[in-house]
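**Student:** Okay, here's the structure, questions in a sec.
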Amino acid sequence: MHTDYPSTLDAWLERIEACHPAEIELGLERIRRVAERLAIDLGQSRKVLIAGTNGKGSTVTMLDSILRAAGLTTGVYTSPHFLRYNERICINGEEVGDRLICEQFSKIERARGETELTYFEYGTLAALLCFAEAKPDVLLLEIGLGGRLDAVNIVDCDIAVVTSIALDHTDWLGSDREQIGREKAGIVRAGKPLVCGDPEPPESVIALCAERGVPLWVRNRDYGLELDNGNWRWWGTGAARESQVYETLPQPELPVINAATVVQVIQLLGLEISAAEVAKGLRDAKMTGRMQRVSIPEGPCILDVAHNPEAAAYMANWLDQHPISGRTLLVIGMLADKDIDSVIEKLGHSIDLWFPVSLGGARGAAAQRLAEPVRANGGRVHAEYDRVAVALADARQQLAPGDRLLVAGSFVTVSQALQALDEKASN
């Protein structure tokens, strides 16, 4: 390794964070220039790009689980991470090691010359270099923000997925579903399918597909699901639009509407995957921070990164469908640029006791900002907190038999809760 380069992953991450003043700077020219110098070749892998407001992570997780159940090799790139940076880059279900990521950062540093890269662009290039070496059968690449101008979109996909289209990141993506939809669908490539999990895609998405000759599959129109006594039935079509049906699939731990999209993508990949392998993959799929159950002595605890109104509505619906004898307690911390009032309104009727917590940093919302709409909607605030660990510890003390504890509102909130639970368990 070059003598001037950092020798540890933590030191590298500090360096790349300081390299570019903006955490996010949309646009593909810089990263494309450096990628060309690196001569990254992904030609031996099928490539699926996954964009959307909600459901990206669970879609990636279920796809990865099914593909590996079928004996195929996978490369997965997601963001952000919860506890370790390595979570972002996985090959065959295993996080890549520090040393390999450091080697890729060194290559990027040598290749970039005077070109400035953001933290996310460095990470994206490092992931693609790892995948170029490993040559997995299928790459699953999650779009970080938006679609068209996201760094991941330098990769030409074989299948594009848009899970859902709702108002989020409006400063970057536009103020309505038409604008946001066009940005998210900007990952499509001519002649390659787009699978849209949103049953009512904006006209902008349909128009973009028509413009570019992109075959479009829409949930509830071209594929869908029917729930049946704990199992579910999937219907859809193959690449030639021939009818396909799976009669009894198991309910996954992750949202079943995303599972329907996943099964449609599997039909279009052109790989030999049996119904039994689809079922096994769905059963095995679990992920950090998405309706994640963690074991604590005081009672049931669920972690979910829900941070916008659509995700909050899904969570409220899930809570309603899983009633308990006691109360539901919620530790919530959010970023100030999210639609806080709508999130709290959606969750309001499902939560008995609130533990709002301030998140640090420039984007963090104060606990008081969360508590105000809770009280305005008639909710009970136990106290306001300045640290997730303290709010979590207090909430655990309040749990009585029959109660359950929820932690939600942001990746930051969930990752700090996981850290606190980890530290407590190891003490």
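In my numbering, each number is its position in the sequence shown, counted from 1, plus 5. No residue lacks a Cβ here, since even glycine has one placed at the ideal position from N, Cα and C. All of these numbers come straight from a predicted model, not from anything done at the bench.
1) Can you check DSSP and say which residues form a bridge with N97?
2) At the level of alpha carbons, what is the spacing between P406 and E303?
3) Helix, strand or coil, according to DSSP, for V268 in the structure here?
4) Please determine if the stretch 269-287 and the stretch 307-319 are in contact, where contact requires at least 3 C-beta pairs separated by less than 8 Å.
5) Within 7 Å: the Cβ of A405 and any heavy atom of the ligand FAD?
6) Where DSSP assigns a beta bridge to D233, which residues make up the other side?
7) Taking just the CA atoms, how far does V160 sit from P141?
8) Using the C-alpha atoms, what's the distance from A398 back to R374?
9) What residue range does the beta strand (DSSP E) around Y251 cover?
10) Could you please give the first and the last residue of the uninterrupted beta strand (DSSP E) stretch that includes A56?
11) In chain order, what are the residue ranges of uninterrupted alpha helix (DSSP H) at least 4 long that sit wholly in the stretch 109-152?
12) For the alpha helix (DSSP H) that contains T333, what are its first and last residues?
13) Tell me, to the nearest whole angstrom, how far the beta carbon of A381 is from that of A341; I am working on the premise that it is less than 8 Å.
14) Could you tell me whether any Cβ in chain B is nearer than 8 Å to the Cβ of A215?
15) Going by C-alpha to C-alpha distance, which of V348, R89 and L134 sits closest to R42?
16) Within this structure, are the beta carbons of E147 and G62 separated by less than 8 Å?
17) Determine contact between the stretch 48-58 and the stretch 248-261, defined as no fewer than three beta-carbon pairs at a distance below 8 Å.
18) Counting beta carbon pairs with one atom in the stretch 378-397 and one in the stretch 288-297, are three or more of them shorter than 8 Å?
19) Identify whether R298 lies in helix, strand or coil by the three-state DSSP scheme.
20) Quick check on the burial criterion: 16 or more other C-beta atoms within 10 angstroms. Buried or exposed for P206?
21) Between the C-alpha atoms of H174 and K343, what's the straight-line distance to the nearest angstrom?
22) Enumerate in chain order the residues of its own chain whose CB-to-CB distance from G218 is below 6 Å, with the five nearest sequence positions on each side excluded.
23) Is the Cβ-Cβ distance between L308 and V419 less than 8 Å?
**Tutor:** The short version:
1) Counted from its first residue, the sequence shown places residue 97 at position 92. Note: N97 sits in no beta bridge, so no partner.
2) To locate residue 406, count along the sequence shown from 1; it is residue 401. To locate residue 303, count along the sequence shown from 1; it is residue 298. Taking the straight line joining both Cα atoms gives about 8 Å.
3) If you number the sequence shown from 1, residue 268 lands on position 263. Residue state, collapsed to three classes: helix.
4) With a cut-off of 8 Å, the stretch 307-319 and the stretch 269-287 do not count as touching, because too few Cβ pairs lie within range.
5) This structure lacks the ligand FAD; in fact it carries no ligand of any kind.
6) Here residue 233 is taken as the residue at index 228 of the sequence shown, counted from 1. By DSSP's assignment, D233 forms a beta bridge with N236.
7) Reading the sequence shown from its first residue, position 136 is the one you call residue 141. Reading the sequence shown from its first residue, position 155 is the one you call residue 160. For P141 and V160, the distance between alpha carbons rounds to 15 Å.
8) Position 369 of the sequence shown holds residue 374. Position 393 of the sequence shown holds residue 398. The alpha-carbon atoms of R374 and A398 are separated by roughly 21 Å.
9) In the sequence shown, the residue the question calls residue 251 occupies position 246. Y251 -> beta strand (DSSP E) spans S248 to P255.
10) In the sequence shown, residue 56 corresponds to position 51, counting from 1. Its beta strand (DSSP E) spans residues R51 to A56.
11) Runs of the alpha helix (DSSP H) inside the stretch 109-152: 124-139.
12) Along the sequence shown, read from residue 1 onward, the residue named residue 333 stands at position 328. For T333, there is no enclosing alpha helix (DSSP H); the residue is part of the beta strand (DSSP E) that begins and ends at T333 to I337.
13) Numbered from 1 along the sequence shown, position 376 holds the residue referred to as residue 381. Numbered from 1 along the sequence shown, position 336 holds the residue referred to as residue 341. The Cβ separation is near 18 Å, so there is no contact.
14) In the structure shown, chain B cannot be found, because there is only a single protein chain.
15) Numbered from 1 along the sequence shown, position 37 holds the residue referred to as residue 42. The candidate whose alpha carbon is nearest that of R42 is L134.
16) Position 142 of the sequence shown, counted from the start, is the residue given in the question as residue 147. Position 57 of the sequence shown, counted from the start, is the residue given in the question as residue 62. Yes; because the gap between Cβ atoms is below 8 Å, this pair is in contact.
17) The stretch 48-58 vs the stretch 248-261: no contact.
18) No, the stretch 288-297 does not touch the stretch 378-397.
19) Locating residue 298 in the sequence shown gives position 293, counting from the first residue. The answer is strand: DSSP assigns R298 an E or B state.
20) What you label residue 206 is simply residue 201 of the sequence shown in a count that begins at 1. By the 16-neighbour rule on beta-carbons within 10 angstroms, P206 is buried.
21) By 1-based counting over the sequence shown, the position of residue 174 is 169. By 1-based counting over the sequence shown, the position of residue 343 is 338. Here H174 scores only 49 on pLDDT, less than 50, and its place in the model should not be relied on; the value that follows carries that caveat. One C-alpha to the other measures close to 8 Å.
22) As a first step, residue 218 must be located in the sequence shown, where it is residue number 213. Taken in chain order, the residues that qualify are A195 and G196.
23) Position 303 of the sequence shown, counted from the first residue, corresponds to residue 308. Position 414 of the sequence shown, counted from the first residue, corresponds to residue 419. For the 8 Å CB-CB criterion, L308 and V419 form a contact.
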